[in-house]
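*Asks:* Could you have a look at this structure, given as structure tokens, before my questions?
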């Protein structure tokens, strides 16, 4: 029985889930090539928002990797189950943001891929950061604005919290841009494919809670010099390089934020 005969037509993308399905085979191949380069470093792979399975079908027969497409929308789960029967038992119907990925793949080297739903793409990055001890790799499609923030460098207007926290633990590359016409339905903006590969040498951070808070507090008042933005840490300023205290958050490198947070934590 064909897909048409079964009545399982591809469901329309739902705005509530930020669904824009990748439909251009040329861009799909470029994404797959970017992912394939690093699969040797993972043994458990999650695909977030598999859509109509353009990427999914490529990964359904990996001999050394446990593969789990994660889809929240039941009609899409039904479509994928019919379209990719060999991995029907591996499809997880869940909100990826609530999924315990280290429980699904305990003591594994995890990779995360996908054409990420626009409405949760930043949250997916923060989930990766929360699980950075296990997540080796993430390659995915982001709304252009979000992708540029992840990859931004000091001094740029897009450099911010997401840039610093991600780049502290991962090597980040913006690989290529994707036009709206490569999707169905087409979004109103361009997309980019970002690769995040965990750094071989992780930074020495005394207290990650302090580090995260320093970065967030500094950028929440990004136009102020650090000494004014971090007033609540004033008692520890004597330990910090005076030059850094007179810079704005957008002027500090990732390693500067690590230095500042470590000195505040030990003061």
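In the numbering used here, the protein residues as written are 20 to 286. Quick reminder that beta carbons are idealized off the backbone N, C-alpha and C, glycines included.
#1: Ignoring anything shorter than 3 residues or poking outside the region 127–167, list the beta strand (DSSP E) runs there in chain order.
#2: Quick one: using the 10 Å Cβ neighbour count with 16 as the cut-off for buried, is residue 115 buried or exposed?
#3: Specify whether the region 139–158 and the region 178–197 touch according to this definition: at least 3 beta carbon pairs, one from each stretch, less than 8 Å apart.
#4: Can you tell me the Cα-Cα spacing of residue 223 and residue 49, whole angstroms?
#5: What number of angstroms, rounded off, separates the C-alpha of residue 70 from the C-alpha of residue 261?
#6: Is it buried or exposed for residue 275, if we count other Cβ within 10 angstroms and need 16 for buried?
#7: In the DSSP output, what is residue 203 paired with across the bridge?
#8: Is DSSP giving residue 73 helix, strand or coil here?
#9: In whole angstroms, give me the CA-to-CA distance for residue 205 and residue 142.
#10: Reducing DSSP to helix, strand and coil, say where residue 213 ends up.
#11: To which residues of the same chain is residue 96 closer than 8 Å at the C-beta, ignoring the five residues directly before and after it?
#12: Excluding the 5 residues flanking residue 249 on each side, which residues of the same chain have their C-beta closer than 7 Å to its C-beta?
#13: Going residue by residue through the region 221–245, where are the continuous alpha helix (DSSP H) segments of at least 4 residues, counting only ones entirely within it?
#14: In its own chain, which residues sit with a C-beta less than 6 Å from the C-beta of residue 84, not counting the 5 before and 5 after it?
#15: Quick check: what's the CA-CA separation for residue 252 versus residue 265?
#16: Helix, strand or coil: which one does DSSP assign to residue 191?
#17: Under 8 Å, do residue 191 and residue 215 count as touching if we go by C-beta distance?
#18: How many Å lie between residue 219 and residue 47 at the Cα?
#19: Distance check for residue 201 and residue 43, CA to CA, integer angstroms please.
#20: Can you tell me whether residue 21 is buried or exposed? The criterion is at least 16 other CB atoms within 10 Å of its CB, across all chains shown.
#21: If you follow the beta strand (DSSP E) that residue 88 is in, where does it begin and where does it stop?
#22: Taking the continuous beta strand (DSSP E) assigned at residue 67, which residues delimit it?
*Replies:* Straight from the coordinates:
#1: 129–134 and 154–162
#2: buried
#3: yes
#4: 35 Å
#5: 51 Å
#6: buried
#7: 40
#8: coil
#9: 22 Å
#10: strand
#11: 90, 110 and 112
#12: 233, 236 and 237
#13: 227–239
#14: 62 and 64
#15: 15 Å
#16: strand
#17: yes
#18: 28 Å
#19: 5 Å
#20: Any reading at residue 21 must be qualified, since the residue scores a pLDDT of 36, below 50, and its modelled position is unreliable; the value itself is stated next. By the 10 Å Cβ count, residue 21 comes out exposed.
#21: 85–90
#22: 63–67
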